[in-house]
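The sequence shown begins at 17 in my numbering and counts up by one.
Just so you know, even glycine gets a beta-carbon here, dropped at the ideal spot from N, CA and C.
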Amino acid sequence: MRFIIIIFCLLYSNLLFSQKFFIEVVVPNIPSIKGEIQIGLYNKSATFPKVGKEFKTYRYKVTKKRMKFKLTDLPRGFYALALYHDINSDKVCNRNLIGIPTERFGFSNNVKPILSAPSFKSARLILLENKVVEIKLQ
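(1) For L27 and Q35, what's the separation of their Cα atoms in angstroms?
(2) Hey, is the region 117-124 in contact with the region 73-91, meaning 3+ C-beta pairs nearer than 8 Å?
(3) Please report the straight-line C-alpha distance between K81 and L131, rounded to a whole angstrom.
(4) Could you have a look at A62 and say whether DSSP puts it in helix, strand or coil?
(5) Assess contact between the region 131-142 and the region 94-110, defined as three or more Cβ pairs (one per stretch) separated by less than 8 Å. Is contact present?
(6) Where do the N-terminal and C-terminal ends of the alpha helix (DSSP H) with K137 fall, by residue?
(7) Based on the DSSP output, what are the partners of P117 in its beta bridges?
(8) Can you tell which of L87, C109 and E145 has the C-alpha that lies nearest to the C-alpha of Y58?
(9) Between R111, G115 and V78, which lies nearest to N45 when the distance is taken from Cα to Cα?
(10) In whole angstroms, what separates the C-alpha of I53 from that of P65?
(11) From F136, N146 and V43, pick the residue whose C-alpha is nearest to that of S61; which is it?
(12) At the level of alpha carbons, what is the spacing between V41 and L90?
(13) Is it right to say K50 is buried, meaning 16 or more other beta carbons lie within 10 angstroms of its own, or is it exposed?
(14) Quick test of your reading: L153 and V43, contact by CB under 8 Å. State the CB separation rounded to the nearest angstrom.
Okay, here's the thing in structure tokens:
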């Protein structure tokens, strides 16, 4: 009997940890119906928000000024999002001479950067169930 209980507990815990969730990202203020939205999903503070170091990257063609994007098959955990409106579809967040982005961008929790990119902790989301987040472009 003890063996059966142990097996049941192991199977149940495996089921809990293997669950997959989604984050639905709502961007309500896209300035024009041109280009693409690129979303970087990060799961480590050491890589946030470094280009090319994302856990997953998503690109979507802009078709409306308010759009929703579903990031699926995500295990529970801590995540942070960084996104930008790639208006000229060159796959780069363009910047001016002093390094300030010239294309609109945003972070989870609508964190506004002051002199540098926000920390992972300030933009962190805890994914324990399906989640809807709104990120306004700055």
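Reading from the atomic positions:
(1) The predicted model places L27 with a pLDDT of 42, which falls under 50 and marks its position as unreliable, so this point remains unresolved.
(2) no
(3) C-alpha separation (whole angstroms): 28 Å.
(4) Coil.
(5) Touching, yes.
(6) F136 to A139
(7) R111
(8) L87
(9) V78
(10) 16 Å
(11) Among F136, N146 and V43, the Cα nearest to that of S61 is on F136.
(12) 14 Å
(13) It is exposed - the Cβ of K50 has fewer than 16 other Cβ atoms within 10 Å.
(14) Right, the Cβ-Cβ distance comes to about 6 Å (below 8 Å), so this counts as a contact.
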